[in-house]
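Order-wise, the sequence lines are chains A and B. Going letter by letter, the first sequence gives residues 170 to 264 in the working numbering. Going letter by letter, the second sequence gives residues 670 to 916 in the working numbering. Heads up, the beta-carbon is just placed ideally off N, CA and C, and yes, glycines get one too. Since the structure is predicted, the reported quantities are computational estimates derived from the model, not experimental observations.
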Amino acid sequence: MIYVYTGAIVLLAMLLVYVALYAIRQKDLLYAVIATGVVSLILSIVFLMLQAPDVALTEAAIGIALTTIAFVITIRNTARYENDNAQSGFNNKKE
Amino acid sequence: MKKFFVIALLAILGFYLTIAFLQIPFGQNRLGQPQDEATVGAYYLNNTKEKSAVSNVVTAIVVNYRGFDTLGEVTVLFLASTGLASILYRRKEEEVERINKPSSSLLQTGSKFLFPLVVLLGIYVFIHGHLTPGGGFQGGAIIATGFLLMLIAYQKYHVSHSMLTWVESLAGVLFVSIGLWGLITGGTFLENSYFPKGVLNSLISGGAIPIIYIAVGFKVAAELTGVLDILLNTKEEKSVPSNQNEK
Numbered sequence: 170m171i172y173v174y175t176g177a178i179v180l181l182a183m184l185l186v187y188v189a190l191y192a193i194r195q196k197d198l199l200y201a202v203i204a205t206g207v208v209s210l211i212l213s214i215v216f217l218m219l220q221a222p223d224v225a226l227t228e229a230a231i232g233i234a235l236t237t238i239a240f241v242i243t244i245r246n247t248a249r250y251e252n253d254n255a256q257s258g259f260n261n262k263k264e
Numbered sequence: 670m671k672k673f674f675v676i677a678l679l680a681i682l683g684f685y686l687t688i689a690f691l692q693i694p695f696g697q698n699r700l701g702q703p704q705d706e707a708t709v710g711a712y713y714l715n716n717t718k719e720k721s722a723v724s725n726v727v728t729a730i731v732v733n734y735r736g737f738d739t740l741g742e743v744t745v746l747f748l749a750s751t752g753l754a755s756i757l758y759r760r761k762e763e764e765v766e767r768i769n770k771p772s773s774s775l776l777q778t779g780s781k782f783l784f785p786l787v788v789l790l791g792i793y794v795f796i797h798g799h800l801t802p803g804g805g806f807q808g809g810a811i812i813a814t815g816f817l818l819m820l821i822a823y824q825k826y827h828v829s830h831s832m833l834t835w836v837e838s839l840a841g842v843l844f845v846s847i848g849l850w851g852l853i854t855g856g857t858f859l860e861n862s863y864f865p866k867g868v869l870n871s872l873i874s875g876g877a878i879p880i881i882y883i884a885v886g887f888k889v890a891a892e893l894t895g896v897l898d899i900l901l902n903t904k905e906e907k908s909v910p911s912n913q914n915e916k
C-alpha cells in the first residue's frame with residue numbers, strides 16, 4: 170500500500186516537472202501562466218499527500234489563484250507573445 | 670571584466686556554501702523521534718499542548734516559537750504592497766475606466782453569490798488557525814480571492830484604500846503590541862505564557878495565538894486586496910509597443 174502511495178507522489182512530481190518545462194518553453198505567455206497555475210495545483214496536491222495541509226492551503230490560495238491572476242492582469246497590460254528578437258532583462262544598453 | 674567579477678563572486682559564494690553544507694551530516698534524522706528528548710522537534714511535539722494549549726503544533730511554532738519570523742514575513746508583504754502601490758497607484762482624477770467589456774451576467778450573479786461564502790471560508794480558516802490546518806496567511810489569501818472575484822465581475826466595484834490602510838495598520842499595531850506585552854510581562858517578545866490559556870481543543874484556547882492569527886489574517890487580506898485592486902485599475906499605457914508577432 171505504501172508503495173502505491175509513494176508511486177503516486179513520484180508520478181505527480183514527474184507531471185509537475187513536465188508542466189513546468191512546458192511553461193518555460195511556451196511562447197504564448199498566457200498559456201505559460203496557466204501552466205504555472207497547474208504546477209501550483211499539482212504541488213498543493215503533493216503537499217497534501219505528504220501530510221502538510223498548512224502548506225497545501227497556502228499554495229492553493231496564493232499559487233493557484235492570486236499569482237496566476239496577477240500575471241494575467243500583467244499580460245493584459247503588456248504583451249501576450251514572447252518576442253524572440255527582444256533582448257532580455259536589463260542588458261539592452263549595448264545597442 | 671564585469672563577467673569575471675561575477676564569476677569570481679559566484680565561485681567564492683559556492684565555495685563557502687559547499688563548506689557549510691559539508692558539515693551537515695546528510696542522511697541522519699535531525700528532527701529526532703518524539704521519544705528522544707534532546708531534539709528541537711521532540712520538544713515542540715511534547716511540550717506545546719501543555720505550555721500553550723494549542724492543538725495545532727504548526728501554528729504554535731509559526732506564531733509563538735517563531736513568531737518573530739512571522740512578524741518579518743508580514744512586514745515583507747507590507748513593504749511589497751507599499752512599493753507596488755507607490756509605482757502604480759493613480760489618483761482619482763487621472764483614473765481611466767477599465768478597458769475590458771462588461772462581464773457576463775452569469776459571472777456577475779455567480780460572484781455575487783460566491784463572495785460572502787468565500788469571505789466566510791477565509792474568516793473560518795484564520796479564526797480556527799490554532800485548531801485546524803491553516804491560519805492567518807491562508808485565510809487572508811482566501812478573502813483576497815473573494816474580493817478578486819468581485820473586482821473582476823463588476824467594473825464599478827471599488828475597495829476603499831483608506832479603509833484598507835486602516836485595517837492593515839491596526840492589525841499590525843495589534844500584532845506588535847501583543848508582542849510588546851509579552852516582552853513587558855514575560856521578559857521575551859511574544860511571550861505567550863502570561864495570557865489566559867483556555868481549554869485545549871476549544872475555540873478560546875492558546876492565549877494570544879488566535880488573536881495574533883486574526884490580526885495577521887486581516888492584515889494579509891487587506892494587503893493582497895489592495896495589490897489586486899491597484900493592478901486591475903492600472904490604465905493601459907499607449908507607449909507600450911504592441912507586439913508584432915501577434916497571430
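query	result
Excluding sequence positions up to five away, which residues of its chain have a Cβ less than 6 Å from the Cβ of glycine 875/B?	Ser721, Ala722, Val723 and His799
Around the Cβ of glutamate 837/B, are there at least 16 other Cβ atoms within 10 angstroms (buried) or fewer (exposed)?	buried
Taking its Cβ as the centre, do 16 or more other Cβ atoms sit within 10 Å of lysine 888/B, making it buried, or is it exposed?	buried
From Ile847/B, Leu714/B and Leu897/B, pick the residue whose C-alpha is nearest to that of alanine 884/B; which is it?	Ile847/B
With DSSP as the reference, identify every bridge partner of glycine 867/B, one or two as the case may be.	Ser874/B
Are the stretch 808-825 of chain B and the stretch 860-873 of chain B touching by the rule of at least three beta carbon pairs closer than 8 Å?	no
Counting only the same chain and skipping the five closest in sequence on each side, list residues whose C-beta sits under 8 Å from that of valine 173/A.	none
Helix, strand or coil: which one does DSSP assign to tyrosine 250/A?	strand
Work out the CA separation of serine 209/A and glycine 232/A for me, nearest whole Å.	5 Å
Taking only beta-carbon positions, decide if leucine 678/B is within less than 8 Å of chain A.	no
Is it buried or exposed, serine 774/B, if we count other Cβ atoms within 10 angstroms and call 16 or more buried?	exposed
How is the alpha helix (DSSP H) around valine 743/B delimited, first residue to last?	736-757
Alpha carbon to alpha carbon, how far is leucine 682/B from proline 694/B? Give it in angstroms, no decimals.	21 Å
So glutamine 195/A is in the alpha helix (DSSP H); what residue range does that whole segment cover?	Taken as a continuous stretch (DSSP letters only), glutamine 195/A belongs to no alpha helix (DSSP H), as it is neither H nor E.
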